[in-house]
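In our numbering, the protein residues as written are 4 to 134.
We put the beta carbon where it would ideally sit given N, CA and C, even for glycine.
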Amino acid sequence: MARRVMGYLLGALAGLLSVPAVLIVGVFGTLIPVAALLLGRRTMAVEALLIGGMGGVGLGLVGVGVIDYFANWAGTQSCSPGRVLLGPGGQAGSTECGGVPPAAWLICGAVGALAALTVALVVEIRRQRDN
Numbered sequence: 004m005a006r007r008v009m010g011y012l013l014g015a016l017a018g019l020l021s022v023p024a025v026l027i028v029g030v031f032g033t034l035i036p037v038a039a040l041l042l043g044r045r046t047m048a049v050e051a052l053l054i055g056g057m058g059g060v061g062l063g064l065v066g067v068g069v070i071d072y073f074a075n076w077a078g079t080q081s082c083s084p085g086r087v088l089l090g091p092g093g094q095a096g097s098t099e100c101g102g103v104p105p106a107a108w109l110i111c112g113a114v115g116a117l118a119a120l121t122v123a124l125v126v127e128i129r130r131q132r133d134n
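Right, dumping it as structure tokens:
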């Protein structure tokens, strides 16, 4: 039981760390969380690591959504207002600031975290029933 709990926690930590790593570094940001999961695979249940990782990614997405919500609420924008010049000829264009609405991050994260919790509960209930 303790090994499975540690597997859930290590997976959740790796998943949680992968969200900012991917947002900052890109796809190569997943190397450290994947390495942590591969090292934990020897001593912990693989399904616990994967379920925890799914929940960690969900919590990370919820965190991004909350930060984005409060940044939008405070009126913070990622670019300056007004016209933006695009191209070498200085053509006038328009752009949209702020990125994806925070609701998308929150919904995807909440669905991922709740799905991981549901799967973990089903796995543990079936394990208890089999014993």
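Taking each of Tyr11, Ala113, Leu26, Val122 in turn and checking the Cα distance to Gly61, the smallest one comes out for Ala113. Closest by C-alpha distance to Gly55, out of Asp71, Ser21, Leu26, is Ser21. Between Trp108 and the set Gly63, Ile128, Asp133, Thr121, the nearest pair of CA atoms involves Gly63. When secondary structure is reduced to three states using DSSP, Met57 falls in the helix class. Glu127 and Phe31 have their C-alpha atoms spaced approximately 33 Å apart.
Leu52 counts as buried, since at least 16 other C-beta atoms from the protein chains shown sit within 10 angstroms of its C-beta. Pairing Gly14 with Gly59 gives a Cβ-Cβ distance under 9 Å.
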